[in-house]
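Below is one structure; the comments refer to it alone.
There are 2 protein chains.
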Amino acid sequence: MPDAPSPRTKVRRLPERGSYDRALIDSILDEALICHLGFVHEGTPVVIPTIHARLEDTLYFHGSPASRMLRNMRSGDEVCVNVTLLDGLVIARAAFHNSMNYRSVVIFGRPRMVDDPDEKWSALEVITNHVVAGRWAESRPMTDKEMRGTLVAALPISEASAKVRTGGPKDDMEDYQLPIWAGVVPLAMTPGQPLEDADLRVEVAVPEYVAEYRRPGTGA
Amino acid sequence: MPDAPSPRTKVRRLPERGSYDRALIDSILDEALICHLGFVHEGTPVVIPTIHARLEDTLYFHGSPASRMLRNMRSGDEVCVNVTLLDGLVIARAAFHNSMNYRSVVIFGRPRMVDDPDEKWSALEVITNHVVAGRWAESRPMTDKEMRGTLVAALPISEASAKVRTGGPKDDMEDYQLPIWAGVVPLAMTPGQPLEDADLRVEVAVPEYVAEYRRPGTGA
Numbered sequence: 001m002p003d004a005p006s007p008r009t010k011v012r013r014l015p016e017r018g019s020y021d022r023a024l025i026d027s028i029l030d031e032a033l034i035c036h037l038g039f040v041h042e043g044t045p046v047v048i049p050t051i052h053a054r055l056e057d058t059l060y061f062h063g064s065p066a067s068r069m070l071r072n073m074r075s076g077d078e079v080c081v082n083v084t085l086l087d088g089l090v091i092a093r094a095a096f097h098n099s100m101n102y103r104s105v106v107i108f109g110r111p112r113m114v115d116d117p118d119e120k121w122s123a124l125e126v127i128t129n130h131v132v133a134g135r136w137a138e139s140r141p142m143t144d145k146e147m148r149g150t151l152v153a154a155l156p157i158s159e160a161s162a163k164v165r166t167g168g169p170k171d172d173m174e175d176y177q178l179p180i181w182a183g184v185v186p187l188a189m190t191p192g193q194p195l196e197d198a199d200l201r202v203e204v205a206v207p208e209y210v211a212e213y214r215r216p217g218t219g220a
Numbered sequence: 221m222p223d224a225p226s227p228r229t230k231v232r233r234l235p236e237r238g239s240y241d242r243a244l245i246d247s248i249l250d251e252a253l254i255c256h257l258g259f260v261h262e263g264t265p266v267v268i269p270t271i272h273a274r275l276e277d278t279l280y281f282h283g284s285p286a287s288r289m290l291r292n293m294r295s296g297d298e299v300c301v302n303v304t305l306l307d308g309l310v311i312a313r314a315a316f317h318n319s320m321n322y323r324s325v326v327i328f329g330r331p332r333m334v335d336d337p338d339e340k341w342s343a344l345e346v347i348t349n350h351v352v353a354g355r356w357a358e359s360r361p362m363t364d365k366e367m368r369g370t371l372v373a374a375l376p377i378s379e380a381s382a383k384v385r386t387g388g389p390k391d392d393m394e395d396y397q398l399p400i401w402a403g404v405v406p407l408a409m410t411p412g413q414p415l416e417d418a419d420l421r422v423e424v425a426v427p428e429y430v431a432e433y434r435r436p437g438t439g440a
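Just so you know, the protein sequences line up as chains U and E, in that order.
To convert, note that position 19 of the first sequence is 19 in my numbering; the numbers rise steadily by one, no gaps.
To convert, note that position 103 of the second sequence is 323 in my numbering; the numbers rise steadily by one, no gaps.
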């Protein structure tokens, strides 16, 4: 198993849940729709939910030039990205042993702004397709004005770690005799029936990538 | 409508999505299972997913005395808490206008450690019941040793704001003629069938609060 890429990515609390395996890290990044990005603004921590997308060893972000998050990323200061997938509620006999099943990734690093037009275009393509696979090719393409009105930042996936909990509750030996139910309630982010835009003026069938919407790596 | 409680909680990007209404803020805090807590550790931002629970005007957190997050909260430094519920993917005709429907809360403040035993007990009760309503009363109660082995921190819900997007895509006028499907894919965190602990030695029926598990304020 690979080692922690840096002291601060080393999983110290419950280290048996930690992993530095890139395939696992990538699968979590690819399945999660959004991340939470932390930065320091005038000495204060700020946490913003935002869309991310991975292209090989890089995580991309986008936003408006007016966004404080993007303006802060332009400074090259450090950020911390956390991506968390909740997989279940772990209900133990003892309140103390309740837990959650989850898959989580943390990445530290200094983002760079993407100015090269080709890389920027590719980043916006992977961000669009991260949310709805196959959508980029079917969308009305980005115009030059829209490209100028969008900032893109890139973060290397180098200082990254994963933390995963699976399985049932772990109670104290003597508590297994208690007449208290214990187990797991599985959780998943599930898509509902697509709602057609009320202003759809042209008759268009729901595309398969919408009707059969799934997150990568999941049945749901 | 109430005004922003501080300059830094004022929603500046897309201010029409911002709200400072406590009932809305509370409903988002209560529905979300976890939050993302940001703090500054040795000059670097750190973002940690953690369980929160609200009791009136206070948000509570808990963890091990070995947790870096709790140790940092003990310092009384500022934290930023973000809670985000994803409600749908907004698929526009133009890639540029894709969006998401969400309900999000941000809270800034300085946490305090909860040392008073009664407040600590109440906090652990609301944290347990935040995840599974009604579970605290049916659990094997916390022991003194477990209480000592758990730190609890409190954050006032005073410097808080919500940001909400609802509805369908907003495309450019001329794009409504394009033969491109547009609409919303609703998203929800949905519970699956409870999985009984394989080590359940006593015959106990699945409690109703597990079999009929729902997040507050949702049908799912």
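The beta-carbon is built from N, C-alpha and C at its ideal position, and this holds for glycine as well.
Residues that TRP341 of chain E contacts on chain A, provided the C-beta gap is smaller than 7 Å = In the displayed structure, chain A is absent; the protein chains listed are U and E.
Start-end ranges of the beta strand (DSSP E) lying completely within the stretch 296-363 of chain E, minimum 3 residues | Counting whole runs of 3 or more residues, the stretch 296-363 of chain E contains the beta strand (DSSP E) stretches 299-311, 319-329.
Limits of the unbroken beta strand (DSSP E) element including VAL384 of chain E = According to the DSSP assignment, VAL384 of chain E belongs to the beta strand (DSSP E) that extends over 379-385.
Spatial neighbours of PRO376 of chain E within its chain, please: CB distance less than 7 Å, with the 5 preceding and 5 following residues excluded, ordered by chain position.
-> ASP277, THR278, GLY329
ILE347 of chain E to GLY238 of chain E span [Cα, whole Å] = Rounded to the nearest angstrom, the two C-alpha atoms are 27 Å apart.
Rounded C-alpha distance that separates GLU78 of chain U from GLU203 of chain U = 48 Å
Chain U contacts made by the stretch 257-288 of chain E, where a contact means CB separation under 9 Å | Answer set for the stretch 257-288 of chain E: LEU257, GLY258, PHE259, VAL260, HIS261, GLU262, GLY263, THR264, PRO265, VAL266, VAL267, ILE268, PRO269, ILE271, GLY283, SER284, ALA286, SER287, ARG288.
Which residues does DSSP pair with PRO269 of chain E in a beta bridge?
-> E:HIS256
Can you list, in chain order, the residues of the stretch 317-349 of chain E whose Cβ is nearer than 8 Å to any Cβ on chain U?
-> ASN318, MET320, TYR322, SER324, VAL326, PHE328, LEU344, THR348
Mind the definition here: the stretch 256-266 of chain E touches the stretch 407-426 of chain E only if three or more C-beta pairs lie below 8 Å; say whether that holds.
-> Flag = no, the stretch 256-266 of chain E and the stretch 407-426 of chain E do not touch.
Count the C-beta pairs between the stretch 103-120 of chain U and the stretch 71-85 of chain U that are closer than 8 Å, then say yes if the count reaches three, no if not.
-> yes
Range covered by the alpha helix (DSSP H) that runs through LEU151 of chain U = LEU151 of chain U -> not in any alpha helix (DSSP H); beta strand (DSSP E) instead, spanning 151-156.
Helix, strand or coil: which one does DSSP assign to THR9 of chain U?
-> helix
Chain-ordered residues of the stretch 391-406 of chain E with a beta carbon less than 7 Å from chain U = ASP395, TYR396, GLN397, LEU398, PRO399, ILE400, TRP401, ALA402, GLY403, VAL404, VAL405, PRO406
Using a threshold of 8 Å, state whether the C-beta atoms of LEU86 of chain U and LEU253 of chain E are closer than that.
-> Taking C-beta atoms as the reference points, LEU86 of chain U and LEU253 of chain E count as a pair closer than 8 Å.
Return yes when the Cβ of ALA315 of chain E is within less than 8 Å of the Cβ of ARG254 of chain U, no when it is not.
-> Beyond the ends of chain U as shown, which are 1 and 220, falls residue 254 of chain U; an answer cannot be given.
Check whether the Cβ of LEU244 of chain E lies closer than 8 Å to any Cβ atom in chain U.
-> No, LEU244 of chain E lies away from the interface with chain U (no Cβ there is under 8 Å from its Cβ).
Which word fits PRO216 of chain U, buried or exposed, when buried means at least 16 other C-beta atoms lie within 10 angstroms of its C-beta?
-> exposed
Just the Cα atoms here: how many angstroms apart are ALA220 of chain U and TYR209 of chain U?
-> Unreliable positioning characterises ALA220 of chain U in this predicted model, as indicated by a pLDDT of 46, which lies under 50. A coordinate reading is not provided.
Could one say the Cβ of VAL206 of chain U lies closer than 8 Å to chain E's Cβ atoms, at least one of them?
-> yes
8 Å Cβ cutoff met for ASN302 of chain E and PRO49 of chain U = Yes, the pair counts as a contact, with Cβ atoms nearer than the cut-off.
Could you tell me whether the Cβ of SER295 of chain E comes closer than 8 Å to any Cβ of chain U?
-> no
Presumed contact (8 Å Cβ cut-off) between ARG274 of chain E and ASP246 of chain E, rounded CB distance = 6 Å
For LEU195 of chain U, three-class secondary structure by DSSP | In the three-state scheme derived from DSSP, where H, G and I count as helix and E and B as strand, LEU195 of chain U is classed as strand.
Which whole-angstrom value describes the C-beta separation of ASN101 of chain U and VAL184 of chain U, a residue pair presumed to lie in contact below a C-beta threshold of 8 Å?
-> 7 Å
Measuring only between beta-carbons, confirm whether GLY354 of chain E sits less than 8 Å from chain U.
-> no
Span of the beta strand (DSSP E) around TYR396 of chain E | Element bounds for TYR396 of chain E: n/a, residue is neither H nor E.
Kindly say whether PRO225 of chain E, judged by its beta-carbon, lies nearer than 8 Å to any beta-carbon of chain U.
-> no
Three-way DSSP call (helix, strand, coil) for TYR449 of chain E in this model | Since the first and last residues shown for chain E are 221 and 440, residue 449 of chain E lies out of range.
Please look up how many angstroms separate the CB atoms of ALA374 of chain E and TYR280 of chain E, rounded, as I've assumed it's under 8 Å.
-> Contact between ALA374 of chain E and TYR280 of chain E is confirmed by a C-beta separation of about 6 Å, below the 8 Å threshold.
Can a CB atom of chain E be found closer than 8 Å to the CB of THR84 of chain U?
-> yes
Helix, strand or coil for VAL424 of chain E, going by three-state DSSP, please let me know.
-> coil
Check each candidate in E:LYS340, E:ALA425, E:THR370 and name the one with the smallest Cα separation from PRO285 of chain E.
-> Nearest C-alpha to PRO285 of chain E: E:THR370.
Under 7 Å from any heavy atom of the ligand SAH, does the C-beta of ARG214 of chain U make it?
-> With respect to small molecules bound, the structure shown includes none, and the ligand SAH cannot be examined in it.
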